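Asks:
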Ligand SMILES: NC(=O)c1ccc[n+]([C@@H]2O[C@H](COP(=O)([O-])OP(=O)(O)OC[C@H]3O[C@@H](n4cnc5c(N)ncnc54)[C@H](OP(=O)(O)O)[C@@H]3O)[C@@H](O)[C@H]2O)c1
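Numbering (the working numbering), first residue to last: 1 to 257.
(1) Secondary structure at residue 112, three-state DSSP: helix, strand or coil?
(2) Should residue 206 be listed as close to ligand 1, given that the test is whether its C-beta is under 6 Å from any heavy atom?
(3) According to DSSP, is residue 124 part of a helix, a strand, or is it coil?
(4) Rounded to whole angstroms, how far is the Cβ of residue 134 from the Cβ of residue 113, which I believe are closer than 8 Å?
(5) If we count the other Cβ atoms within 10 Å of its Cβ and call it buried at 16 or more, is residue 98 buried or exposed?
(6) At what residues does the alpha helix (DSSP H) containing residue 136 begin and finish?
(7) If you run the structure through DSSP and keep just helix, strand and coil, what is residue 40?
(8) Which residues in the same chain have their Cβ closer than 7 Å to the Cβ of residue 146, if we skip the five residues on either side of it in sequence?
(9) Who does residue 14 pair with in a DSSP beta bridge?
(10) What does the Cβ neighbour count give for residue 171, buried or exposed, with the cut at 16 atoms within 10 Å?
(11) Could you tell me whether the region 209-229 touches the region 76-86, using the rule of 3 or more Cβ pairs below 8 Å?
(12) Output needed for residue 160: all residues of its chain with C-beta closer than 6 Å, excluding positions within five of it in sequence on either side, in chain order.
(13) For ligand 1, is there any heavy atom lying closer than 6 Å to the beta carbon of residue 215?
(14) Pair every Cβ in the region 58-76 with every Cβ in the region 89-97, then say whether three or more of these pairs are closer than 8 Å.
(15) Could you tell me if the beta carbon of residue 16 falls within a distance shorter than 6 Å of some heavy atom in ligand 1?
(16) Taking its Cβ as the centre, do 16 or more other Cβ atoms sit within 10 Å of residue 62, making it buried, or is it exposed?
(17) Using a Cβ-Cβ cut-off of 6 Å (strictly less than) and excluding sequence neighbours within five positions of residue 164, which residues of its own chain qualify?
(18) Ends of the beta strand (DSSP E) at residue 204?
(19) If contact is defined by three or more beta carbon pairs under 8 Å, each pair taking one atom from either stretch, is the region 33-53 in contact with the region 3-14?
(20) Looking at the structure shown, is residue 3 part of a helix, part of a strand, or coil, going by DSSP?
(21) Any chance you could list the alpha helix (DSSP H) runs of at least 4 consecutive residues sitting entirely within the region 157-196, in chain order?
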């Protein structure tokens with residue numbers, strides 16, 4: 001394959017910046033653009049044979065619609081969005097380029113990504129998929145070739161349910177009106193770990209978590225499951241006390257593990 005010019009829209013920070021580092025190591029020339037860079041989306045489309053959309057979820061549709069039509073058939077349009085159904089559909093509808101949906105299942109702060117999972121979905125074309133898959137595998141990422149529907153279904157559990165649980169815990173702790181300084185004096189190892197997760201979700205990028213929850217087609221279903229589970233727990237405690245609750249936990253453990 002001839003020399004590869006990669007353009008990352010949203011490459012100034014976050015996941016786009018992480019991918020820029022990975023691809024530079026693989027001898028690609030990487031051009032990045034953000035909202036304030038000299039290089040603009042039109043320049044990226046003109047000079048690159050691989051274009052990656054790595055902007056916040058809320059801006060992704062507009063950027064795909066902007067850049068997609070500017071690309072040629074033999075180029076690659078790829079995204080890193082944490083949701084896959086909508087972005088992949090939009091890339092296919094708005095560009096003649098080859099299309100790959102990608103979702104790294106880790107954040108940009110991770111220094112060693114070996115052993116981490118990455119979702120790839122070759123939505124159109126066969127030229128570019130082996131290239132990116134090979135780079136991922138060379139860097140010891142575990143590639144999961146997964147269709148967008150299946151990806152979003154799994155993310156409803158791994159991200160939506162998981163983050164809802166963290167948000168619930170954080171908001172419930174705040175609702176007690178007892179200051180964290182006081183609570184922390186009594187903390188256990190598990191509580192400390194959970195509090196670190198709560199701090200990350202509430203202070204680092206709340207917009208990302210909100211977009212992940214709002215954009216997943218199965219969020220309503222996950223909320224229903226949460227409500228039903230909480231009602232069941234309340235009912236179990238009310239009707240049978242500790243014994244019934246213990247039985248319910250053991251029954252679930254058998255199902256899960
Ligand atoms: N963070 C994660 O843990 C994670 C993990 C996996 C996948 N993802 C996905 O990666 C994508 C980016 O998320 P992120 O967390 O990396 O976001 P981020 O840290 O906020 O970075 C967003 C990037 O997009 C640029 N940008 C924002 N609005 C733009 C616009 N309208 N036009 C052009 N560039 C724009 C920003 O550049 P300027 O600010 O310089 O304009 C920046 O380079 C999302 O789709 C997210 O779902 C994130």
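Note that beta-carbon positions come from the ideal geometry of N, C-alpha and C, so glycine has one too. Treat the numbers as computed from the prediction; the structure is a model and nothing was measured.
Replies: So, from the listed chains and residues:
(1) By 1-based counting over the chain shown, the position of residue 112 is 112. Coil, per DSSP.
(2) Numbered from its first residue, the chain shown carries residue 206 at position 206. Because no heavy atom of ligand 1 lies under 6 Å away, the Cβ of residue 206 does not count as near it: no.
(3) Locating residue 124 in the chain shown gives position 124, counting from the first residue. The answer is strand: DSSP assigns residue 124 an E or B state.
(4) Here residue 134 is taken as the residue at index 134 of the chain shown, counted from 1. Here residue 113 is taken as the residue at index 113 of the chain shown, counted from 1. Their Cβ separation, rounded to whole angstroms, is 16 Å, which puts residue 134 and residue 113 out of contact at 8 Å.
(5) By one-based count along the chain shown, residue 98 stands at place 98. Classification of residue 98: buried, given that the 10 Å Cβ count is 16 or more.
(6) Here the question's residue 136 lines up with position 136 in the chain shown. Counting along the chain, the alpha helix (DSSP H) containing residue 136 begins and ends at 129-138.
(7) Here residue 40 refers to the residue found at position 40 of the chain shown. If DSSP states are grouped into helix, strand and coil, residue 40 belongs with coil.
(8) Position 146 of the chain shown, counted from the first residue, corresponds to residue 146. Excluding sequence neighbours, residue 146 sits near 119 and 121.
(9) Your numbering for residue 14 matches position 14 in the chain shown. Paired residue(s): none; residue 14 is not in a bridge.
(10) As a working mapping, residue 171 is identified with position 171 in the chain shown. With fewer than 16 Cβ atoms within 10 Å of its Cβ, residue 171 is classed as exposed.
(11) Contact between the region 209-229 and the region 76-86 is present, because at least three Cβ pairs lie under 8 Å.
(12) If you number the chain shown from 1, residue 160 lands on position 160. Here the set comprises 213, 216, 219 and 222.
(13) Here the question's residue 215 lines up with position 215 in the chain shown. Checking every heavy atom of ligand 1 against the Cβ of residue 215, none is found closer than 6 Å.
(14) yes
(15) Here residue 16 is taken as the residue at index 16 of the chain shown, counted from 1. Residue 16 Cβ: within cutoff of ligand 1.
(16) Position 62 of the chain shown, counted from the start, is the residue given in the question as residue 62. With fewer than 16 other Cβ atoms within 10 Å, it is exposed.
(17) Residue 164 sits at position 164 when you count from the first residue of the chain shown. There are no such residues.
(18) Along the chain shown, read from residue 1 onward, the residue named residue 204 stands at position 204. Unbroken run through residue 204: none, as it is neither H nor E.
(19) yes
(20) In the chain shown, the residue the question calls residue 3 occupies position 3. Here residue 3 sits in coil by DSSP.
(21) 162-175 and 180-184
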